[in-house]
Amino acid sequence: MQLLLGQLNEGTEVLMVLSIILFAGFIMTRLTNTLNLPKVSGYILAGVLIGPCCLDFIPVPIITHMGFVSDLALAFIAFGVGKFFKREVLLRTGKRILVITLFEALSAGVMVTLFLRFIFSLDWDFALVLGAIATATAPASTMMTINQYKAKGEFVDTLLQIVALDDVVCLLAFSVISAIASGRASNGVSAEDIIIPLVFNLLAILLGFFCGYFLSRLLVPSRSRDNRLILAIAMLLGISGICAAANISPLLSCMVFGAAYINLTEDKKLFRQINNFTPPVMSIFFIVSGMNLDVYALSTVGVIGFSYFIVRIIGKYMGTYVSCLITNTSMEIRNFMGLALIPQAGVAIGLAFLGQRLLPPETGNLMLTIILSSSVLYEMIGPISAKLALIFSGSIPSGKLLEALPQEGEADENSGAVTVFSLIPASELSQKDGESFAQIVEELNAGVDERDDDDIESAAPLEEQKEKKKKSKKKHKKKREKIVEIPLEENVWAEGCE
1 MQLLLGQLNE GTEVLMVLSI ILFAGFIMTR LTNTLNLPKV SGYILAGVLI
51 GPCCLDFIPV PIITHMGFVS DLALAFIAFG VGKFFKREVL LRTGKRILVI
101 TLFEALSAGV MVTLFLRFIF SLDWDFALVL GAIATATAPA STMMTINQYK
151 AKGEFVDTLL QIVALDDVVC LLAFSVISAI ASGRASNGVS AEDIIIPLVF
201 NLLAILLGFF CGYFLSRLLV PSRSRDNRLI LAIAMLLGIS GICAAANISP
251 LLSCMVFGAA YINLTEDKKL FRQINNFTPP VMSIFFIVSG MNLDVYALST
301 VGVIGFSYFI VRIIGKYMGT YVSCLITNTS MEIRNFMGLA LIPQAGVAIG
351 LAFLGQRLLP PETGNLMLTI ILSSSVLYEM IGPISAKLAL IFSGSIPSGK
401 LLEALPQEGE ADENSGAVTV FSLIPASELS QKDGESFAQI VEELNAGVDE
451 RDDDDIESAA PLEEQKEKKK KSKKKHKKKR EKIVEIPLEE NVWAEGCE
C-alpha cells in the first residue's frame, strides 16, 4: 500500500490516506458492533491494524504530521463541554460539588503519581504527567446508562455536575504539570517556568470569553445556518492556532468559548450544528491515536499499565468517599459515586498526545501506550460500573429495569457501537423520540451531547420530556389553526398567475 501511495503527489496521497482511515474505521466498527464494543474501541483497533505495527498501510511521515487532528478534535470536545456551564447551574451547584470534584480528581492524580514514582522508580516528569491525565473522566458510559434506565434523583444530579467540572480540574492540573515538566526538561524549574504558562492559560480563558461574546453578537437571528457554522468553526480553529503557538492546550479556552456563548445567547442549536460536523474529525482522531499505539511496547508496559488502571480507580473511589464524608453527603452518594466515575477516553487521549510532546520520545510513547490501552479497558467496564452505581443508589425507578428490556423488532443497528459488556445488549436498545441511546453516547464521546441542556441539568425522565414535546406540538397546532386563509380571488399571487 505504501508503494502505491508513494507514486502519488503529496496532495493526492493525503486524500487517499484520509479515505483509507475513514473506511478502516467504518469497517472495524461494524465488526466491533457484533461484540457490543463501543465505537471508540473500534476506531483505536482500526488504527492499530492499518498502522506501522500491523499492516503498515499509512506512511510514518504522514502519521507524524497529523498531530493537528488532536488539537482540532480537542477544540470540538471542549466547546461542547462548555455548554454545561450555564450560570444558573453553577450557582445551584455550590461548594459541595466543587469539593467532591477536587477531591476525587486530585486523589486519583496524586495516587497514580506517587505509585509510579516510588513503586516503579519512574522519573518525576513521567509520573506527574500521567498523574495529571488520571484526573480526567469520560461521561459517555454513565450518561448512556442514565438515559437507558431513566435514572433520576439526587445521585444523578450530583453525578452530572461532577463529570462536567471534572475536565476543568484536569485541564488546570495538566497546565501546571506541563509547565513543571517543560522546565525540568530545560535543566531546572524556576518560578518563571510555572508562572508564565499559568498566565498564558489565564489569557487563553480571556480569549475564549472574548470569542464567545463576539460570536454571540455576530450570530444574529437573520444569519443563515451555513454562516453560523462557518463563523463558529472559524473561531474554534483560530483559538486552537493561537493556543498551539503559545504551546498550551486549546481545551480550556475552547471550553470557556462554549460556556460564554451559551450563557450570553441560550442558543443550543449551534452546538447541534457543530455536533453534526464532528463525527469524521473524531473518528480520524481516534484512528490516528490507534496508529500511534506501540503494540510491541504492551508487553513492556503490562504491569505499569495495569497498575495505572487499578490505582486510578482506587483514587477516584477513595477521593469521592472522603469528600462526601467531609461535606455530609448522603450515604448513597458516598458509597457508590466512585463507581460512576471510572470511564476515561477522549480528553485523556488528547492530553496524552500533548504530554507525549513534553517527554523524551521513549517515555512519551510509553505514556501514550498506557493511556490508549487503559482507555479501551475503561470503556469496557464503564457501562457495568455505572449501572451498578445507579441500581445500588436507588436512582433507577421501580420497574424501569424491566421496562428497559428490548422489545422484539425495536433493535437499533447503531447502538452496538456504544456499550461494552452491558447487561442489556447494546444492539437491542430501542430508539426513543427519534434519537437512539447509542447516538447520545456517541455524541458524548465527542464531547457534545445533542440533547437539550435543561434535560441534562435536571436529569428529567423521558416521560416528562415527552409530555413537554406533546404540549409544544399542541401549542403550535393551535397557532396554525388561527391562521386565516386568504380567498383565491383576493390572493394577488393567484391573480397574477391567472
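The sequence shown begins at 1 in the UniProt record's numbering and counts up one residue at a time.
C-beta atoms are modelled at their ideal positions from N, C-alpha and C, and glycine is treated no differently.
Query: Collapsed DSSP secondary structure at A151 in the structure displayed; Result: coil
Query: L15 (DSSP reduced to helix, strand or coil); Result: helix
Query: 4 or more residues per run - each alpha helix (DSSP H) lying fully within the stretch 165 to 231; Result: 191 to 218
Query: Residue from V322, K316 and L359 with nearest C-alpha to L339; Result: K316
Query: Residue span of the alpha helix (DSSP H) that contains V301, given as start and end; Result: L298 to I326
Query: C-alpha gap between P361 and K95, whole angstroms; Result: 41 Å
Query: Burial state of T29, where buried means 16 or more other Cβ atoms lie within 10 Å; Result: buried
Query: Residue closest to G350, alpha-carbon to alpha-carbon, out of L22, I119, V14 and L72; Result: L72
Query: Helix, strand or coil at L359 according to DSSP, with G and I counted as helix; Result: coil
Query: Which listed residue (I391, F115 and I50) has its alpha carbon closest to that of V311; Result: F115
Query: Spatial neighbours of L22 in its chain, beta-carbon cut-off 6 Å, leaving aside the 5 residues before and after; Result: none
Query: Extent of the continuous alpha helix (DSSP H) to which L252 belongs; Result: L251 to T265
Query: The stretch 286 to 294 in contact with the stretch 37 to 51 per 3-pair CB rule at 8 Å; Result: yes
Query: Backbone CA spacing between M111 and G131 [nearest angstrom]; Result: 8 Å
Query: Start-to-end residues for the alpha helix (DSSP H) that takes in residue 530; Result: Because the chain in this structure spans residues 1 to 498, residue 530 falls outside the shown range and cannot be described.
Query: I284 Cβ short of 8 Å to the ligand COA heavy atom set; Result: The ligand COA is absent from the structure shown, which contains no ligands of any kind.
Query: Cα-Cα separation between L203 and P197, rounded to whole angstroms; Result: 10 Å
Query: Proximity of I177 and L128 at Cβ, strictly below 9 Å; Result: yes
Query: Per-residue burial, A234 [other beta carbons within 10 Å of its own, 16 or more giving buried]; Result: exposed
Query: Where D123 sits in the DSSP three-state scheme; Result: coil
Query: With 16 other Cβ atoms within 10 Å as the buried cut-off, status of T300; Result: exposed
Query: Beta-carbon proximity check, I162 vs L341, cutoff 9 Å; Result: yes
Query: With 16 other Cβ atoms within 10 Å as the buried cut-off, status of N328; Result: exposed
Query: Alpha helix (DSSP H) segment containing L49, residue limits; Result: K39 to I50
Query: C-beta atoms of A359 and A244 nearer than 9 Å; Result: The sequence shown places Leu at residue 359, not Ala. For L359 and A244, no; Cβs fall outside 9 Å.
Query: DSSP-derived helix/strand/coil call for I58; Result: coil
Query: Alpha-carbon spacing of D226 relative to F209, whole angstroms; Result: 23 Å
Query: Best match in V220, S70 and V376 for proximity to T32 [C-alpha to C-alpha]; Result: V376
Query: Cβ pair G241, G212 closer than 9 Å; Result: no
Query: Helix, strand or coil at G394 according to DSSP, with G and I counted as helix; Result: coil
Query: Assumed close pair Y378, A345 - CB separation to whole angstroms, cut-off 8 Å; Result: 7 Å
Query: C53, DSSP secondary structure in three states; Result: coil
Query: M318 versus I230 - alpha carbon distance; Result: 45 Å
Query: Reduced DSSP secondary structure (H/G/I, E/B, other) of F85; Result: coil
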